[in-house]
Amino acid sequence: MKISTKGRYALRMLLDLAEHENNGFIALKDIAQRQGVSKKYLEQIVPIVNKSGILQTNRGFQGGYKLAQSPDKYTIGMILRLTEGSLAPVSCLDQTPIQCERRDECPTLPIWQGLHKVINEYLDSITLQDILDEQRQRYASDYTI
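Numbering (our numbering), first residue to last: 298 to 442.
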């Protein structure tokens, strides 16, 4: 499994919104500038993320985007599933129940199911807030005199 640029940029965009949540609605150009990402690329990501209700939008002079809920409500797994579709390591796990004709005699199926479970549990255990807290902790301990 490889996370696409779309998935990585969506995560960075949502982390940026979480980090600046007290600033109200944030313009895409500001996110793009801070993250070193093309505004046009972010414009392609917004509809994908927005259809799930993660974002609130505001048009006009003070327009932009902000998270609909607090950063602790959004897991990395949730965000990556929006952009990547499935997080399954093999295609046969994309369907429930498994449609593969070899599922009953496949000796490797339990391996892929175990990996899929670990990936999902891990990514679903991390929220945007967890990443922000870790980042703040890292910067707090970098202080030198």
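All C-beta atoms, glycine included, are put in the ideal place defined by N, C-alpha and C.
From residue i to residue j, what does the alpha carbon distance come to, in whole angstroms?
i, j, result
"residue 350", "residue 376", "11 Å"
"residue 331", "residue 407", "43 Å"
"residue 387", "residue 423", "23 Å"
"residue 404", "residue 410", "11 Å"
"residue 317", "residue 392", "38 Å"
"residue 326", "residue 401", "52 Å"
"residue 430", "residue 319", "15 Å"
"residue 357", "residue 303", "26 Å"
"residue 328", "residue 340", "11 Å"
"residue 312", "residue 299", "20 Å"
"residue 379", "residue 347", "10 Å"
Would residue i be called buried (16 or more neighbouring beta carbons within 10 Å of its own) or exposed?
i, result
"residue 334", "buried"
Considering only residues of the same chain and omitting the five flanking positions on each side of residue i, which have a CB-CB separation below 7 Å?
i, result
"residue 395", "389"
Does DSSP put residue i in a helix, a strand or coil?
i, result
"residue 408", "helix"
"residue 416", "helix"
"residue 390", "helix"
"residue 382", "coil"
"residue 304", "helix"
"residue 374", "helix"
Might you give, ordered along the chain, the residues of its own chain that have their beta carbon closer than 8 Å to the beta carbon of residue i, omitting 5 neighbours on each side?
i, result
"residue 420", "372, 373, 374, 377, 384"
"residue 360", "322, 324, 354"
"residue 417", "374, 384"
Quickly, what does DSSP pair residue i with across the bridge? List them, please.
i, result
"residue 320", "In the DSSP output, where bridge partners are listed per residue, residue 320 has none listed."
Quick one: is residue i near chain B, going by C-beta distance under 8 Å?
i, result
"residue 414", "Here chain B cannot be found, since the structure has a single protein chain."
Apart from the five residues just before and just after residue i, which ones in its own chain have a Cβ nearer than 6 Å to its Cβ?
i, result
"residue 308", "376"
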